[in-house]
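In the working numbering, the protein residues as written are 1 to 276.
(1) Using the three-state DSSP reduction, which class does residue 123 fall into: helix, strand or coil?
(2) Going by DSSP, what residue range makes up the beta strand (DSSP E) through residue 11?
(3) Using beta-carbon positions only, say whether residue 175 and residue 137 come within less than 8 Å of one another.
(4) Determine the extent of the beta strand (DSSP E) in which residue 213 is found, giving its start and end residues.
(5) Starting from the Cα of residue 193, find the closest Cα among 179, 140 and 32 and give me that residue.
(6) Can we say the region 40–49 touches the region 59–73, given the rule of at least three CB pairs closer than 8 Å?
(7) May I have a chain-ordered list of the beta strand (DSSP E) segments no shorter than 3 residues that lie completely inside the region 83–141?
(8) Cα-Cα, which of 110, 177 and 106 is closest to residue 121?
(9) Quick one: using the 10 Å Cβ neighbour count with 16 as the cut-off for buried, is residue 76 buried or exposed?
(10) Going by DSSP in three states, residue 50 sits in which element: helix, strand or coil?
(11) Where does residue 62 sit, in a helix, a strand or coil, going by DSSP?
(12) Would you call residue 237 buried or exposed, if buried means 16 or more other Cβ atoms sit within 10 Å of its Cβ?
(13) Would you mind stating whether residue 233 and residue 217 have Cβ atoms separated by less than 8 Å?
(14) Taking the alpha-carbon of residue 113 as reference, which of 268, 257, 32 and 253 has the nearest alpha-carbon?
(15) On a CA-only basis, which of 253, 186, 191 and 212 is nearest residue 225? Give me that one, please.
(16) Give the DSSP bridge partners of residue 154, in chain order.
(17) Could you give the distance in angstroms between the alpha-carbon of residue 173 and the alpha-carbon of residue 247?
(18) In the DSSP output, which residue or residues are listed as bridge partners for residue 35?
(19) Taking the C-alpha atoms as reference points, what is the distance between residue 110 and residue 7?
(20) For residue 80, does the count of other Cβ atoms within 10 angstroms reach 16, so buried, or fall short, so exposed?
(21) Run through DSSP, which three-state label would residue 186 get?
(22) Apply the 10 Å Cβ neighbour rule to residue 156 and answer buried if 16 or more other Cβ atoms are within range, or exposed otherwise.
(23) Check residue 223 in the structure and name its three-state DSSP category.
(24) In three-state DSSP terms, what is residue 261?
(25) Within 10 Å of its beta-carbon, does residue 23 have 16 or more other beta-carbons around it, so buried, or fewer, so exposed?
(26) Within 10 angstroms of the Cβ of residue 36, are there 16 or more other Cβ atoms? Answer buried if so, exposed if not.
(27) Please state whether DSSP places residue 244 in a helix, a strand or coil.
(28) How long is the line joining the alpha carbons of residue 146 and residue 73, rounded to whole angstroms?
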């Protein structure tokens, strides 16, 4: 991808933990590296196909002066969010804030923080086999759409499937959605668990009945292995109720560990009929 650089926007600001910093002010420099696609703009000499760096600079200025921050880390997060939400051609940004007059008591050239933030595509599996299953799925999707800085971009049809593992229960309705989000993996997980709780999910029997089940299947191409968060979702390649709706919306997505397309994984599952 291509880059737009905005280097060392200079401001006098009133940010810092100490009261003197908020009264006297000090110099700050803000730099941005914007990831985008400049080819169409370049080939056609068309300003509407690129991002107006003057407007981006004004957006940075607006956030910089909207309030006094204790931490430049927080200021950096707010600037990154403002830019990504308001300039749709930017897929990722790197942001640095320098604080050359930082009161550390030792001579220094400058002190700075640097963050990288981007839009992430996340794919979520939904399932329900209690109550009004269709309404449960629809409600859960509406709740996901309310998550901060998260937008639904793809939605599969609803399918009916037999229960997996624990057989003494009603059939499921399942679907998958794709979202575009600024949230980190653990932040998304927290939001999904909160939706399950609000909708009355109780975890009593492994693979047992549930009013709603929300699982992160993919978070971009990331591979995450933590105690309570594993992405891609383990064993998804053996589960028709995950693969069928996923194949509908992202058939050519390549599993980052298995290096196979979703369509290929589903074809192999139907052929071999593996059971885990």
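Glycine included, C-beta positions come from ideal geometry on N, C-alpha and C. None of the values given here were measured: they were computed from a predicted structure.
Looking at the coordinates:
(1) strand
(2) 2–13
(3) yes
(4) 213–219
(5) 140
(6) no
(7) 92–98, 112–118 and 120–128
(8) 177
(9) buried
(10) coil
(11) helix
(12) buried
(13) yes
(14) 32
(15) 186
(16) 178
(17) 16 Å
(18) 3 and 92
(19) 15 Å
(20) buried
(21) helix
(22) buried
(23) coil
(24) strand
(25) exposed
(26) buried
(27) helix
(28) 26 Å
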